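One structure is given below, encoded as structure tokens.
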DNA sequence: CTGAAAGCGCTAACAC
DNA sequence: GTGTTAGCGCTTTCAG
């Protein structure tokens, strides 16, 4: 790899001049400039970003923490973040945390040592204490981590409420809820939204709420038990689509017809919901948009350390598909 | 952030000594060592990896190119690569290329400027010329790019053959194939495997092969047309699972029963195939394993520049699920 | 066993 | 307009 010195030598100028044309910084005679540019292309010279980073203390890298990229909610988020990141000439680092605080701390340290410029975090385990020593801008995405961090989330409670009300409106009389892992902030909000609607119904039982941990297999399992214990249930609101599909699988394995015997609504709006038969009704998040927005806000923070904390909430939207049906 | 100088000052030694204890390099008196370690922890000092990289010319970063992480085949691959990468203290960079050669070249240059240590590439567009100037180790994954690159792939042709034979064995008499994008090496191999089995059948028609571009919506569309033109088709081998699920969706929308009227087999073995009803029979790849192996081989190349090119092929395995059924 | 100093490649004062 | 030079933070000869 050619260095700036090689270019300077070939163009018969000093390295400072080369640096000037490289960064279009300060005055440089058009003729010299041309000579330098020729040398650059002759040598196929590319500036060394590591050296630049060392000088500037910034690396032009942004990292995203997700629990597990294999969970189908995250690829779209990751894609959005990468796109924005890339548009702004940052390099995109992906970290799978498994929601394991040990791994998260290890990543946090490693990234800081690499001078990453900012981090976007989806986590249920990180809290204020873990990040107070970190002097890199951090944005919370999908779930809130700490009151003093900028965040991009969706209207979880309102959306959950709307989903549950929808089930009621189409005629469901016993509505159960498969919730996510207890420690995630969005699990709590979605559960609240559900309870807002059903807690005063005389049929409501606390055993209508079971945890599926945002996980397909777990959701299948708990739904089978739920439906065996409570055959009267005719509507299920799953806190995410992966579990919604699990609920469908469980119902079908029990010989129930969806939506005739059981209506199902999910949350998230991932592509998976379109592939099943019947396809899954859901409260769709603008997943790509929230990922992209988080990246934009992060970049604002990077460019302006004094920027005030921002909290943005995107609304979710009902998408009626085939897993729900008006009953008479 | 504290620097090595601060540590040196506090421990009353030179930076060289600090460096020595940092890297357990050369002799250093146990007492001094302890003093240095105390200073390190007192200052909560972490070495600056950028400075290290500049000196060493290596960045401890590995990149993975995928066409699009939103395609459900790639998250598992990415996860595997990230896990191995992480175990070896590398940072994982993810690049979505959209199989766009322009983007790929841009990434290649940007990564080289950042001194990435190695790149794993899934691509249908990159070829020998594009990478001959790159002096960073590169491994091809899933698809072969160039004869002189190490690669990790699966037995595409054999697997396709087995899938098609399986359909024949269970009694399908008219077997069609939904293939991938023409330029991908694995599309070609899977198509060949299919043809190996059917080309001499007297019922075989070239219009039994249609391209679904490895894409769900496209597969739905072309399958509908195929099934309308050729209602006699009673078995379909889709070149990947995403298309397999699309085929199922198409068949169901046409009122066909799967597997009674139409048996479907996919390729890949992604989790999606388990969620549908009926679940999808498939030729499963050891996706995680090939991703992990590619990362391991890459690291071998990084550690030994003279390492000979390796080409590893993993075998695929039939997983019978509900979308295929023996017919009488 | 430890320190001084050169240098990785680049940028940004500061001179001229 | 252009060159000289001092670092950015670290590692590694080379002395001692």
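Chains as they are written, first to last, in the UniProt record's numbering: chain A, 1 to 328; chain B, 1 to 328.
Cβ coordinates follow ideal geometry from the N, Cα and C atoms, glycine included.
Small disclaimer: the values here were computed from a predicted structure and weren't measured.
Margin query: What does the alpha-carbon distance come out to for the pair residue 92 of chain A and residue 153 of chain A?
Written below: Looking at the two C-alpha atoms, the distance is approximately 21 Å.
Next item on the list: Determine the contact status of residue 210 of chain A and residue 226 of chain A, defining contact as a CB-CB distance below 9 Å.
Entry: The Cβ atoms of residue 210 of chain A and residue 226 of chain A sit closer than 9 Å to each other.
Check: Nearest chain B C-beta to residue 53 of chain A closer than 9 Å, yes or no?
Finding: Residue-level contact by beta carbon holds for residue 53 of chain A and chain B, with a gap shorter than 9 Å.
Checklist line | residue 114 of chain A vs residue 50 of chain B beta-carbon contact at 9 Å | finding: In terms of Cβ geometry, residue 114 of chain A and residue 50 of chain B form a close pair [threshold 9 Å].
Notebook entry, point to check: Identify the residues that DSSP records as bridge partners of residue 217 of chain B: which are they?
Noted result: Under DSSP, residue 217 of chain B forms no beta bridge with any residue.
Notebook entry, point to check: Does the region 38–47 of chain B touch the region 55–73 of chain B, meaning 3 or more C-beta pairs lie closer than 8 Å?
Noted result: In short, these stretches do not touch, since the Cβ pair count stays below three.
Notebook entry, point to check: With C-beta atoms as the reference, is residue 307 of chain B less than 9 Å away from residue 120 of chain B?
Noted result: At the C-beta level, residue 307 of chain B and residue 120 of chain B stay beyond 9 Å of one another.
Check: Going along the chain, which residues of the region 94–128 of chain B sit with their C-beta nearer than 8 Å to a C-beta in chain A?
Finding: 94, 95, 96, 109, 110, 111, 112, 113, 114, 115: these are the residues of the region 94–128 of chain B whose beta carbon lies less than 8 Å from some beta carbon of chain A, given in chain order.
Notebook entry, point to check: Which of the residues in the UniProt domain "HTH lacI-type" (2–56) of chain A, read from start to end, lie with their CB under 7 Å from any CB of chain B?
Noted result: The residues in question are 46, 47, 48, 49, 50, 51, 53, 54.
Notebook entry, point to check: Does the region 228–242 of chain A come close enough to the region 260–279 of chain A to have 3 or more Cβ pairs within less than 8 Å?
Noted result: Yes, the region 228–242 of chain A touches the region 260–279 of chain A.
Check: Near residue 286 of chain A, which residues of its chain fall below 7 Å by C-beta distance, leaving aside the five closest residues on each side in sequence?
Finding: Contacts found: 314.
Next item on the list: Inspect the CB distances between the region 121–131 of chain B and the region 123–140 of chain A and report whether three or more fall short of 8 Å.
Entry: In short, these stretches do not touch, since the Cβ pair count stays below three.
Checklist line | Interface flag, residue 75 of chain A vs chain B, CB-CB below 9 Å | finding: At a cut-off of 9 Å between C-beta atoms, residue 75 of chain A counts as an interface residue with respect to chain B.
Checklist line | Check whether residue 231 of chain B and residue 324 of chain B have beta carbons under 9 Å apart | finding: The answer is no: Cβ separation not under 9 Å.
Note to self: Quick check on DSSP: helix, strand or coil for residue 204 of chain B?
What the structure shows: In this structure, residue 204 of chain B counts as coil in the three-state DSSP scheme.
Checklist line | Coil, strand or helix - residue 93 of chain A by DSSP | finding: Correct three-state label for residue 93 of chain A: strand.
Notebook entry, point to check: Given that residue 282 of chain A touches chain B, what residues does it touch there, using C-beta distances under 9 Å?
Noted result: Contact note: residue 282 of chain A does not reach chain B at a C-beta cutoff of 9 Å; the least C-beta distance is about 14 Å.
Notebook entry, point to check: How is the alpha helix (DSSP H) around residue 41 of chain B delimited, first residue to last?
Noted result: Where residue 41 of chain B is concerned, the enclosing alpha helix (DSSP H) stretches over 30–43.
Check: What is the DSSP secondary structure of residue 355 of chain B, reduced to helix, strand or coil?
Finding: Residue 355 of chain B lies beyond the stretch modelled for chain B, which goes from 1 to 328, so this question has no answer here.
Note to self: Just verifying my parser: in three-state terms, what is the DSSP assignment at residue 83 of chain B?
What the structure shows: In this structure, residue 83 of chain B counts as helix in the three-state DSSP scheme.
Note to self: Classify residue 189 of chain A: buried if its beta carbon has 16 or more other beta carbons within 10 angstroms, exposed otherwise.
What the structure shows: Buried, since its Cβ has 16 or more Cβ neighbours within 10 Å.
Next item on the list: State yes or no: is the C-beta of residue 117 of chain A within less than 9 Å of the C-beta of residue 96 of chain A?
Entry: Not in contact: residue 117 of chain A and residue 96 of chain A (Cβ atoms no closer than 9 Å).
Note to self: Please classify residue 301 of chain A as buried or exposed, where buried requires at least 16 neighbouring CB atoms within 10 angstroms.
What the structure shows: By the 10 Å Cβ count, residue 301 of chain A comes out buried.
Next item on the list: Decide yes or no for the touch test of the region 174–184 of chain B against the region 207–222 of chain B: beta carbon pairs closer than 8 Å, at least 3 of them.
Entry: Segments in contact, yes.
Next item on the list: For the alpha helix (DSSP H) containing residue 302 of chain B, list its first residue and its last residue.
Entry: According to the DSSP assignment, residue 302 of chain B belongs to the alpha helix (DSSP H) that extends over 287–303.
Notebook entry, point to check: If you compare alpha carbons, which of A/162, A/62, A/203, A/311 is closest to residue 136 of chain A?
Noted result: That would be A/62, whose Cα lies nearest to the Cα of residue 136 of chain A.
Next item on the list: Output, in chain order, the set of chain B residues within a Cβ distance shorter than 7 Å of residue 72 of chain A.
Entry: Taking the beta carbon of residue 72 of chain A as reference, the chain B residues within 7 Å of it are 72, listed in sequence order.
Notebook entry, point to check: Do the region 31–38 of chain B and the region 3–18 of chain B make contact, defined as three or more Cβ pairs closer than 8 Å?
Noted result: Cβ pair count under 8 Å is three or more, so yes.
Notebook entry, point to check: What residues are listed by DSSP as bridge partners for residue 283 of chain B?
Noted result: B/267, B/318, per the DSSP bridge assignment.
Margin query: Could you pull the DSSP bridge partners for residue 235 of chain B from this structure?
Written below: Answer is B/175, B/263.
Check: Which residue comes first and which comes last in the alpha helix (DSSP H) that contains residue 243 of chain B?
Finding: Run containing residue 243 of chain B: 241–253, per the alpha helix (DSSP H) assignment.
Notebook entry, point to check: Looking at residue 94 of chain A and residue 64 of chain A, is the spacing between their C-beta atoms short of 9 Å?
Noted result: Contact flag set, yes.
Check: Just checking my contact of residue 276 of chain A with residue 276 of chain B at CB under 8 Å: how many whole Å lie between their CB atoms?
Finding: About 6 Å separates the two Cβ atoms, so the contact holds.
Notebook entry, point to check: Name the residues in the region 243–266 of chain A whose C-beta lies less than 8 Å from a C-beta of chain B; which are they?
Noted result: Under the 8 Å Cβ criterion, the region 243–266 of chain A contributes 245, 246, 248, 249, 252.
Next item on the list: Would you identify the three-state DSSP class for residue 276 of chain B, choosing helix, strand or coil?
Entry: Note: residue 276 of chain B maps to coil in three-state DSSP.
Checklist line | Length of the line joining the Cα atoms of residue 168 of chain A and residue 215 of chain A | finding: Cα to Cα, the separation comes out at about 25 Å.
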